[in-house]
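Novice:
There are 2 protein chains.
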Amino acid sequence: METTWAHRLRETGLRVTRPRLSVLDVLSAHPHADADTIVTGARAQHPTLSPQTVYGVLDALVSVGLARRIEPAGAPALFELRVGDNHHHLVCRSCGVVADVDCAVGAAPCLSPSDAAGFVVDEAEVVFWGLCRACQQPAAAESVQFEAHEIRGGASA
Amino acid sequence: METTWAHRLRETGLRVTRPRLSVLDVLSAHPHADADTIVTGARAQHPTLSPQTVYGVLDALVSVGLARRIEPAGAPALFELRVGDNHHHLVCRSCGVVADVDCAVGAAPCLSPSDAAGFVVDEAEVVFWGLCRACQQPAAAESVQFEAHEIRGGASA
DNA sequence: ACCCTTGTTTTGAACTAGTCAACTTAAGGA
DNA sequence: TCCTTAAGTTGACTAGTTCAAAACAAGGGT
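Top line first, the protein sequences correspond to chains A and B.
The numbering used here applies: residue -5 is where the first sequence begins, and numbers increase by one.
The numbering used here applies: residue -5 is where the second sequence begins, and numbers increase by one.
Below, the structure is given as structure tokens:
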């Protein structure tokens, strides 16, 4: 495809900079990465990159809709590039791996709570908590727990 | 009713202490209170109560199932006493007020993602984001924003 | 009614994720 | 190439929460 990240950035009015391209690269490789993972990963291409810059880049990407921020309870925020398709997430209680899952009940019925109590709802956020396949094997669970932290986000659907 | 908090605590094997009763009282009055609100509220009955103690009490209550912890993205954790009925939450983007909402699609279908990707799911957490009735009136929005912080949790269904 | 065990509270420090502000750098249109 | 302004850098700082050791008290046993 000819739609490069540089193009996508310019389309949204953002300048094309090395930190931004690095962060986008890391996010392509780690579909659910936290800020720390992104800093570490992006330093492969840009060794002096600071965490604050990454936070700035992520805020910019999220605000123009190129990235989405998810915050599973009890864990640092994760970022993903899959946007605009109203999908949800499976989170493993044991190792923290995140997988994508399409909306459970069709198109976007998520947006219709049974009783909105006067609220105007614009988004439904769904997190399914459970155990990933690897963590269901008790013996393997411990070692997997450490591996999974390294490859956080490697188990996307 | 004759099921006092003291009873409920003993039933679960927890000792009955003043900090615990105070916290339970505050939670009864504020159905979605954060730790800080609880500390402040509980000090009405127990002025020397420390935040750490409240965190300890809340952990104890959550671990025996007397309370539930919810963590809306970007906000401190909230605690509620309504447990065991798989209900969800409406959160106002403007003022942070939280309201309860029953499971959108019947009994517990929330537990069935369309494709579980090998996960064994044990809970579905749903957060509906939007604007509460008060924050839908632009003119009033600003002043409401401050009020609502004080009465956080006052808008339960 | 008292004592003893063990769970709780207290006290104080520490930690993590993330934010803020002032300054420097560089993207990209003129 | 210059200039404007967005973006990156640097460093201090905060909120929310957790950890650890010592003091305390709930409630069962005697």
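Ideal Cβ positions, reconstructed from N, Cα and C, are used throughout, including at glycine.
Let me confirm a value: A:Ala134 is counted as buried when at least 16 other C-beta atoms fall within 10 Å, else exposed. Which label applies?
Specialist: Reading the first sequence from its first residue, position 140 is the one you call residue 134 of chain A. With a pLDDT of 49 at A:Ala134, under the threshold of 50, the modelled position of this residue cannot be trusted, and the question is left open.
Novice: Go through its chain and collect everything with a Cβ distance to B:Gln152's Cβ below 7 Å, but skip five positions before and after it.
Specialist: Outside the shown range of chain B, which is -5 to 151, sits residue 152 of chain B, and nothing can be said about it.
Novice: In angstroms, rounded to a whole number, what distance separates the CA positions of A:Ala71 and A:Asp53?
Specialist: Along the first sequence, one-based indexing puts residue 71 of chain A at 77. Along the first sequence, one-based indexing puts residue 53 of chain A at 59. Cα to Cα, A:Ala71 sits roughly 12 Å from A:Asp53.
Novice: Counting pairs of beta carbons, one from the segment 60 to 74 of chain A and one from the segment 27 to 46 of chain A, are three or more of them closer than 8 Å?
Specialist: yes
Novice: Roughly how many angstroms lie between the CA atoms of B:Arg217 and A:Ile64, to the nearest whole one?
Specialist: Outside the shown range of chain B, which is -5 to 151, sits residue 217 of chain B, and nothing can be said about it.
Novice: Extract the residue ranges of the beta strand (DSSP E) inside the segment 30 to 74 of chain B, only unbroken runs of 3 or more that lie entirely within it.
Specialist: Considered as a whole, the segment 30 to 74 of chain B harbours 62 to 64, 72 to 74 as its complete beta strand (DSSP E) runs of no fewer than 3 residues, in chain order.
Novice: Could you name the residues of the same chain whose beta carbon sits closer than 6 Å to that of A:Pro45, not counting the 5 residues immediately before and after it, in chain order?
Specialist: Within the first sequence, the letter at position 51 stands for residue 45 of chain A. Within the same chain, A:Pro45 has close Cβ partners Val33.
Novice: Under a CB-based cut-off of 7 Å, is A:Leu125 close to chain B?
Specialist: Numbered from 1 along the first sequence, position 131 holds the residue referred to as residue 125 of chain A. It does: the Cβ of A:Leu125 has a partner Cβ on chain B nearer than 7 Å.
Novice: Could you check which residue in A:Gly68, A:Arg87, A:Ala67, A:Arg14 has the C-alpha nearest to that of A:Tyr49?
Specialist: As a first step, residue 49 of chain A must be located in the first sequence, where it is residue number 55. Ranking A:Gly68, A:Arg87, A:Ala67, A:Arg14 by Cα distance to A:Tyr49 puts A:Arg14 first.
Novice: Expressed to the nearest angstrom, what Euclidean distance is found between the alpha-carbon atoms of B:Thr42 and B:Ala93?
Specialist: Along the second sequence, one-based indexing puts residue 42 of chain B at 48. Along the second sequence, one-based indexing puts residue 93 of chain B at 99. Cα to Cα, B:Thr42 sits roughly 31 Å from B:Ala93.
Novice: Buried or exposed: which applies to B:Ser16, given that a residue is buried once 16 or more other Cβ atoms fall within 10 Å of its Cβ?
Specialist: Residue numbering aside, residue 16 of chain B sits at position 22 when the second sequence is read from its first letter. B:Ser16 should be labelled buried.
Novice: Taking C-beta pairs closer than 7 Å, name the residues in chain A that B:Val114 reaches, listed in chain order.
Specialist: Residue numbering aside, residue 114 of chain B sits at position 120 when the second sequence is read from its first letter. Per Cβ cutoff of 7 Å: Gly124, Leu125, Gln130.
Novice: A:Leu84 and A:Phe122 - do their beta-carbons sit closer together than 7 Å?
Specialist: In the first sequence, the residue the question calls residue 122 of chain A occupies position 128. In the first sequence, the residue the question calls residue 84 of chain A occupies position 90. Yes.
Novice: Kindly indicate the opening and closing residues of the beta strand (DSSP E) around B:Asp116.
Specialist: Walking along the second sequence from the start, residue 116 of chain B turns up at place 122. Per DSSP, B:Asp116 belongs to the beta strand (DSSP E) from 114 to 125.
Novice: Pull up the DSSP beta-bridge partners for A:Val95, would you.
Specialist: Indexing the first sequence from 1 puts residue 95 of chain A at position 101. Answer by DSSP bridge pairing, in chain order: A:His82.
Novice: If you drop the 5 nearest sequence neighbours on each side, which residues of the same chain put their C-beta closer than 6 Å to that of B:Gln152?
Specialist: No information on residue 152 of chain B is available, as it lies outside the stretch -5 to 151 that chain B covers here.
Novice: So, does the CB of B:Ala27 fall closer than 7 Å to a CB anywhere in chain A?
Specialist: On the second sequence, residue 27 of chain B is found 33 positions in, with the first residue counted as 1. No, because no Cβ of chain A sits closer than 7 Å to the Cβ of B:Ala27.
Novice: Going by C-alpha to C-alpha distance, which of B:Val56, B:Ser57, B:Val58, B:Thr11 sits closest to B:Ala36?
Specialist: Walking along the second sequence from the start, residue 36 of chain B turns up at place 42. The option with the nearest alpha carbon to B:Ala36 is B:Thr11.
Novice: So with CB distances below 8 Å, who are the chain B contacts of A:Leu84?
Specialist: On the first sequence, position 90 is the one that residue 84 of chain A refers to. Within 8 Å Cβ-Cβ: Pro107, Ala110, Ala111, Phe113, Val115.
Novice: On the three-state DSSP scale, how would you describe B:Ala23?
Specialist: Here the question's residue 23 of chain B lines up with position 29 in the second sequence. Note: B:Ala23 maps to helix in three-state DSSP.
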